[in-house]
Amino acid sequence: MYTEEQYLADLEKISKEEYSDLAAYKAQSPTDNLNIYRFQFVLLLSAFKKNDFENARTVANNNAEVLIKFVDNFDLNLLTNENPQPPFDFLLLTFMNSTTAGPNHSLFIKLFQHYNTIKKYLSEFSGETVFLNDRSRPTEVSMPLDEARNTVQARLDYLAENIASLLYSSGQHQLLLTFLTDFCLENFTTNETTLSQLGRVALACGDNQMASTFFGDVKDEGLKSANQGYISFYSSAFQSARKEFQAAGEKGPANSDACLKYMGQFTTDPSESTAVKAKKQTAEDRTQWPMQPR
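Residue numbers (UniProt numbering): 1 to 294.
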């Protein structure tokens with residue numbers, strides 16, 4: 001039987017990239033909900049970390065239906081006591097790797113709605129302690145209300161950024177804008193990095209007004225400079241964009257090399273001279289920009 005001690009030891013080994021002697025590889029599958037979630041999570045996490053994506057997909061596909069059913073039938077009363085739940089990272093990796101349970105973005109939106117429901121519940125919760133039983137480590141399960149609220153918000157921020165990336169990269173721009181409008185515009189988060197990410201992807205979809213709404217709540221000077229760089233870029237003010245990205249420093253886009261390569265093709269700023277035309281993009285260039293909206 002797979003025990004809690006073996007589970008914690010396996011997580012520690014995975015964190016050190018030590019995969020050959022995981023207890024989950026040798027143990028029989030548990031029959032109780034708590035340990036079977038942990039057991040399957042270790043199998044999926046280790047496969048994913050090893051870049052064994054074929055096996056990761058297999059484990060994800062084997063668990064997707066059960067996890068979808070869990071999310072769809074979630075009982076909010078579970079937050080007031082300790083009950084077996086699948087770890088958040090298990091939900092995340094399953095929905096990321098599954099190929100049989102529908103589009104990945106739909107699964108991520110389902111997970112987002114799940115945590116949004118928890119967020120609303122916690123906003124009115126009057127107790128002092130919350131049991132987030134989906135924590136990977138048992139010692140992290142019980143926590144003060146404020147910490148639980150922060151944890152759930154951090155998950156929502158992470159999911160929103162990834163949903164935006166998935167929808168943008170798959171060309172589903174209208175669905176992306178609908179998601180942002182329905183879930184992210186009204187007091188969604190105070191995380192300025194997330195606000196910047198969502199504003200940039202709205203900008204990339206052509207909704208300048210929505211982008212301005214997100215950017216308006218950003219106060220960090222580095223992020224403001226980077227966001228202005230995106231505004232300049234999508235306005236074809238490439239030289240200004242270059243300067244603003246560089247001024248942003250480490251707060252600039254993570255794919256800055258691709259940005260600079262793209263912008264380096266312009267000897268002058270097309271927005272300043274209609275007589276000068278930009279070099280025609282190649283197929284390779286089009287796959288490099290825009291990349292993920294980070």
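Ideal Cβ positions, reconstructed from N, Cα and C, are used throughout, including at glycine.
Simplified DSSP state of residue i, which is helix, strand or coil
i    : result
T129 : strand
M210 : helix
P144 : strand
V71  : helix
Y19  : coil
S240 : helix
E82  : coil
S235 : coil
F188 : coil
R200 : helix
G229 : helix
G102 : coil
Y121 : helix
K13  : helix
R135 : coil
T31  : coil
N150 : helix
D89  : helix
G249 : helix
A59  : According to the sequence provided, residue 59 is Val. The question's Ala does not apply to it. It is helical.
S170 : coil
Y2   : coil
K49  : helix
Buried/exposed call for residue i, threshold 16 Cβ in 10 Å
i    : result
R200 : buried
F233 : buried
M1   : exposed
F214 : buried
G127 : exposed
N63  : buried
E82  : exposed
N35  : buried
E192 : buried
G216 : exposed
S20  : exposed
S29  : exposed
L180 : buried
D32  : exposed
S196 : buried
N51  : exposed
D182 : exposed
Q209 : exposed
Y25  : exposed
N97  : buried
Chain-order list of residues whose beta-carbon lies under 7 Å from that of residue i (same chain, five-residue window excluded)
i    : result
T194 : D157, A160 and E161
H173 : C205
T99  : R57 and N61
F108 : F95, L159, N162, I163 and L166
I231 : L203
L198 : A160, A164, L180, C184 and F214
K119 : V152, Q153 and L156
Own chain, CB closer than 6 Å to residue i, minus 5 neighbours either side, in chain order
i    : result
G252 : A226 and F245
P87  : F41, D134 and S136
G229 : A241, E244 and F245
Nonlocal neighbours in the same chain, by C-beta distance under 8 Å from residue i, ignoring five residues either side
i    : result
I14  : L22, V42, L45, S46 and K49
L91  : L67, V71, L111 and D134
A27  : M1, Y2, Q6 and F39
T117 : F74 and L76
Contact belief for residue i with residue j at Cβ below 8 Å, rounded distance in angstroms
i    : j    : result
E65  : A101 : 7 Å
V130 : M143 : 6 Å
Y121 : L76  : 5 Å
L203 : A211 : 4 Å
L168 : L176 : Here residue 168 is Tyr; the residue named in the question, Leu, does not match the sequence. With a Cβ gap of about 6 Å, Y168 and L176 count as contacting.
P138 : E4   : 7 Å
F125 : L145 : 6 Å
C-beta neighbour in chain C for residue i, strict 8 Å
i    : result
G252 : In the structure shown, chain C does not exist; there is a single protein chain.
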